[in-house]
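Protein chains: 2
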Amino acid sequence: MARFVNVAAGQLGPIAKSETRTEVVARLMAMMRRAHADGCDLIVYPELALTTFFPRWYFEDQAEIDEFFEREMPGAETRRLFDLARELGIGFYLGYAELTVEAGIVRRYNTSILVDRTGAIVLKYRKVHLPGHAEHEPWRKFQHLEKRYFEPGAGFGVTSAFGGVMGMAICNDRRWSETYRVMGLQGVEMVLIGYNTPVHNPPAPEHDHLSLFHNHLVMQAGAYQNGTFVVGVAKAGIEEGVEHIGGSCIIAPSGEIIASCTTTGDEIAIARCDLDLCNSYKRTTFNFDVHRQPRAYGMIVERKGVTTMADGTPVPPKA
Amino acid sequence: MARFVNVAAGQLGPIAKSETRTEVVARLMAMMRRAHADGCDLIVYPELALTTFFPRWYFEDQAEIDEFFEREMPGAETRRLFDLARELGIGFYLGYAELTVEAGIVRRYNTSILVDRTGAIVLKYRKVHLPGHAEHEPWRKFQHLEKRYFEPGAGFGVTSAFGGVMGMAICNDRRWSETYRVMGLQGVEMVLIGYNTPVHNPPAPEHDHLSLFHNHLVMQAGAYQNGTFVVGVAKAGIEEGVEHIGGSCIIAPSGEIIASCTTTGDEIAIARCDLDLCNSYKRTTFNFDVHRQPRAYGMIVERKGVTTMADGTPVPPKA
Chain B
1 MARFVNVAAG QLGPIAKSET RTEVVARLMA MMRRAHADGC DLIVYPELAL TTFFPRWYFE
61 DQAEIDEFFE REMPGAETRR LFDLARELGI GFYLGYAELT VEAGIVRRYN TSILVDRTGA
121 IVLKYRKVHL PGHAEHEPWR KFQHLEKRYF EPGAGFGVTS AFGGVMGMAI CNDRRWSETY
181 RVMGLQGVEM VLIGYNTPVH NPPAPEHDHL SLFHNHLVMQ AGAYQNGTFV VGVAKAGIEE
241 GVEHIGGSCI IAPSGEIIAS CTTTGDEIAI ARCDLDLCNS YKRTTFNFDV HRQPRAYGMI
301 VERKGVTTMA DGTPVPPKA
Chain D
1 MARFVNVAAG QLGPIAKSET RTEVVARLMA MMRRAHADGC DLIVYPELAL TTFFPRWYFE
61 DQAEIDEFFE REMPGAETRR LFDLARELGI GFYLGYAELT VEAGIVRRYN TSILVDRTGA
121 IVLKYRKVHL PGHAEHEPWR KFQHLEKRYF EPGAGFGVTS AFGGVMGMAI CNDRRWSETY
181 RVMGLQGVEM VLIGYNTPVH NPPAPEHDHL SLFHNHLVMQ AGAYQNGTFV VGVAKAGIEE
241 GVEHIGGSCI IAPSGEIIAS CTTTGDEIAI ARCDLDLCNS YKRTTFNFDV HRQPRAYGMI
301 VERKGVTTMA DGTPVPPKA
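Chains as they are written, first to last, in full-length UniProt numbering: chain B, 1 to 319; chain D, 1 to 319.
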């Protein structure tokens, strides 16, 4: 038996600040048509795929920030993408900034959705691991204010779609082994991840030359250690003066990269993924029911860090 | 500032079933002298480094099994290794099968110890993730009866030694991201791991060609994701007819392999490790206190697997 899903990693080149949603959606639609022509069931777009990566700037005016957010999905400019998906019978993952009102309170999330072949949203995910900082740090060449502009999501769900168990994560989530494991424990077979990753990390420039290596390392390990496909998709290239890595790729449950983009522009990379390849990992080396030892893992939820407990209090001294 | 630890990965070639402890200890001592001559502070030996890898056989007679176990450490045959360490002023990690009596009950563990420059044991670790199976499975070319011959240890501790925070794991532990994270949450700066890994995995031979790739992938990811050095050391080569991978290596907190063995025999690979290289990862990308989100990780300790809760009951159906 084989359960094939043909997937396209739909990498985007830079989006200028001046570019309109309508212009960006036209780029997404062009890639969707290309992926469909190439036989794909699903195309994965990057994180925050509708605008430039705005957390690189410090804005004082909330109204200016909110212009980067979507108040409804689909909205006026994005509906055409949903319509095309339905027309072609192809699904998609899309990252965007979400503004919503919950119990009278405005909430802002870094969000992704999974849309099926009928144009219906079948899973929504809100980024858990927000990187960067919350206050303006003028010494940086550019800001990374995700901790200021978003609040973290609650967790990692999965859903049955495209013949398998699908999950989602966003950008910095991919560096954290917990991301993959929580979905692995729900039987995930394909994890979809969009990202925007500057080559230069102002607090640790000594690692800049390793950005692409780290990008692949964490996704390959997450795939292998959970017996799942991983699809990682960049917004790449020099955007508003900041260089972002590409490296979009599709990874098998073996941890092997089976397709990858080679440019830093709009480009699709395609792989024919047999979801049944997950089985031999999930049933042998990574048969969690047989081999995991949760009683040894308590610290993972009890502590936030080396010095702080999960509830924010200091770690008590050793007995 | 820099805190250097010069480490040797002390890889062993095969140990025949007929080989005595005294003969093996002589091989370990020869490598220890070599590492000392090359300026090392610490040499890391493999898992179960005193005998052949006996879980490959099904024994009916417990007395025959117990011949592979140590009842004291150091014992009559291993004392010379401790004495040499003290004489040279070099530390070591040693894996062995431990038989101990706790509250009148005989316990058997797959154990490692960390010995300091004075010949004193400063940390003991008992393998948490026992691979393989508990019952005789005659269809296999060879057995992997760790689940029969050992019981799992309780967890992953660390200690201050060699100027840094040191932790240990054994073989299959290295495939599990929880292993590194639990030590990372205690500030580990160097994780020492011995292993015996057959090239051929009878339940999933379709992955045999990837054994070395997987070996490196999991240790490199564990290093990077926790900002720690990792030293992985094999018992390698064809032992009693079973081929084991080599691939012993020393990995920097960047995830880069900075030293590796190239044979499958007795061989040391050396790296001069600046423990302060951990800092830039632990303070930026992997500053756990700032970036982890334990409220999203509950499932990691609540569940054992996809179908079983941590307490052994079935996973309840989705609400």
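All C-beta atoms in this analysis are idealised placements derived from N, C-alpha and C, irrespective of residue type, glycine included.
Secondary-structure assignment with DSSP links K147 of chain D through no beta bridge to anything. For F288 of chain B, the three-state secondary structure derived from DSSP is helix. In this structure, the alpha-carbon of P317 of chain D lies about 38 Å from that of M29 of chain B. Cβ proximity to chain D below 8 Å picks out nothing from the stretch 25–43 of chain B. Against chain D, the CB of M219 of chain B has no partner CB under 7 Å away; the residue lies outside that interface. By DSSP's assignment, L94 of chain B forms a beta bridge with B:I113.
Think of a sphere of 7 Å around the beta carbon of S177 of chain D: the chain B residues whose beta carbon falls inside it are S177, R181, Q225, in chain order. Near chain B, meaning a CB-to-CB distance below 9 Å, the residues of the stretch 205–219 of chain D are E206, H207, L210, F213, H214, L217, V218. Residues of chain D with a Cβ closer than 8 Å to the Cβ of I250 of chain B do not exist; the shortest Cβ-Cβ separation is about 17 Å.
Residue pairing of S260 of chain D in beta bridges, as defined by DSSP: D:C249. For V5 of chain D, the uninterrupted beta strand (DSSP E) run begins and ends at 4–11, by DSSP. For the C-beta of K304 of chain B, the chain D residues within less than 7 Å are, from N- to C-terminus, F288, D289, R292, P294. Following the DSSP letters along the chain, one finds Y180 of chain D inside the alpha helix (DSSP H) bounded by residues 177–184. Cα atoms of V230 of chain D and G167 of chain D: separation of roughly 9 Å, rounded to the nearest angstrom. When DSSP reads this structure, V306 of chain D sits in no beta bridge, so it has no partner. Distance from the Cα of Q293 of chain B is smallest, within the candidate group D:V188, D:F156, D:A234, for D:F156. Here W176 of chain D is buried, its C-beta having at least 16 other C-beta atoms within 10 Å. By the rule that beta-carbons nearer than 7 Å mark a contact, Y96 of chain D does not touch chain B. CA-CA distance, A37 of chain B to A85 of chain B, rounds to 13 Å. When rounded, the separation of the alpha-carbon atoms in E87 of chain D and L50 of chain D is 21 Å. For P314 of chain B, the nearest beta carbon of chain D is not closer than 7 Å to its own beta carbon.
In the structure shown, the three-state DSSP call for G237 of chain D is strand. In this structure A296 of chain D is buried. Its beta-carbon is surrounded by 16 or more other beta-carbon atoms within 10 angstroms. Among the residues facing chain D, P198 of chain B is not included, as its CB has no counterpart in that chain under 7 Å away. Counting along the chain, M219 of chain D sits inside the alpha helix (DSSP H) bounded by residues 211–226.
Comparing alpha-carbon positions, the option among D:H216, D:A259, D:E189 lying closest to R3 of chain D turns out to be D:E189.
Taking a beta-carbon distance threshold of 7 Å, M168 of chain D does not count as an interface residue toward chain B. In the DSSP annotation of this structure, the continuous segment of the beta strand (DSSP E) that includes V44 of chain B starts and ends at 42–44.
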